[in-house]
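Q:
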Amino acid sequence: MSITGLGAIAKCGRLDATTIEFTNQSLHLAAADIAAAGALPNKGFHFLAPSANPTAFTVPDGARKGDIVEFLHRSGGNVANITPSDLHGAINAIALTGGAYVKLIWSGTQWFLIGRCGDGAALGTAVASYPVLS
Numbered sequence: 026m027s028i029t030g031l032g033a034i035a036k037c038g039r040l041d042a043t044t045i046e047f048t049n050q051s052l053h054l055a056a057a058d059i060a061a062a063g064a065l066p067n068k069g070f071h072f073l074a075p076s077a078n079p080t081a082f083t084v085p086d087g088a089r090k091g092d093i094v095e096f097l098h099r100s101g102g103n104v105a106n107i108t109p110s111d112l113h114g115a116i117n118a119i120a121l122t123g124g125a126y127v128k129l130i131w132s133g134t135q136w137f138l139i140g141r142c143g144d145g146a147a148l149g150t151a152v153a154s155y156p157v158l159s
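26 is the number of the first residue of the sequence shown in our numbering; add one for each residue after it.
(1) Does DSSP put isoleucine 116 in a helix, in a strand, or in coil?
(2) Measure the beta-carbon distance from proline 79 to alanine 64 and round it to whole angstroms, keeping in mind my assumption that it falls under 8 Å.
(3) Between the beta-carbon of alanine 120 and the beta-carbon of valine 157, is there less than 9 Å?
(4) Let me confirm a value: asparagine 67 is counted as buried when at least 16 other C-beta atoms fall within 10 Å, else exposed. Which label applies?
(5) With C-beta atoms as the reference, is leucine 97 less than 9 Å away from tryptophan 136?
(6) With DSSP run on the structure shown, which of helix, strand or coil describes asparagine 106?
(7) From lysine 128 to arginine 89, what does the alpha carbon distance come to, in whole angstroms?
(8) Is it right to say glycine 143 is buried, meaning 16 or more other beta carbons lie within 10 angstroms of its own, or is it exposed?
(9) Tell me whether threonine 83 sits in a helix, a strand or coil according to DSSP, three-state version.
(10) Under 8 Å by Cβ, that's how I've got asparagine 117 and phenylalanine 82 pegged, so tell me the actual separation to the nearest angstrom.
(11) Could you spell out the range, first to last residue, of the beta strand (DSSP E) harbouring isoleucine 93?
(12) Whole angstroms is fine: what's the gap from alanine 6's alpha carbon to glutamate 95's?
(13) Can you tell me whether alanine 125 is buried or exposed, with buried defined as 16 or more other CB within 10 angstroms of its CB?
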């Protein structure tokens with residue numbers, strides 16, 4: 026059953042909610058890979074396929090506190106250099122290569138890195154193919 030089919034009041038176990046709001050996350054996948062350099066969306070899940078090596082991307086401020094954005098570099102050797110508007114901590118940029126993934130959340134003033142992975146195996150204290158943070 027879809028959420029719209031639940032009516033004005035949704036009851037499930039101990040949950041009694043009169044309002045269900047999905048404002049901070051996109052619930053769909055973009056159909057096309059993002060290939061051209063420039064500004065990336067500031068929420069939702071997006072596939073990257075950089076057209077050049079490297080390709081420079083930016084992420085603007087989130088629209089609302091709690092906005093989550095995720096990027097997956099589908100494949101290929103071209104590097105996607107992502108520079109969020111204001112990334113928390115000592116990190117200024119994120120470099121993704123084929124198979125790498127990154128997840129950010131907007132705090133209202135800064136982006137926080139809350140997840141990343143790659144397609145490589147762990148090597149000692151480093152993980153191969155993880156996004157490079159600099």
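In this text, a Cβ means the ideal position worked out from N, Cα and C, and glycines have one as well. Since this is a predicted model, take the numbers as computed values, not measurements.
A: This is what the structure gives:
(1) coil
(2) Contact doesn't hold; Cβ gap of about 16 Å is too wide.
(3) yes
(4) When all chains shown are included, asparagine 67 counts as buried.
(5) In this structure, leucine 97 lies away from tryptophan 136, with their beta-carbon atoms at least 9 Å apart.
(6) In the structure shown, asparagine 106 sits in a strand (DSSP, three-state: E or B).
(7) Their Cα atoms are separated by approximately 16 Å.
(8) Glycine 143 is buried by the Cβ-count criterion.
(9) strand
(10) The pair is not a contact, with the Cβ atoms about 14 Å apart (cut-off 8 Å).
(11) 93–98
(12) Here the chain comprises residues numbered 26 to 159, so residue 6 is not present and cannot be evaluated.
(13) Flag for alanine 125 reads buried.
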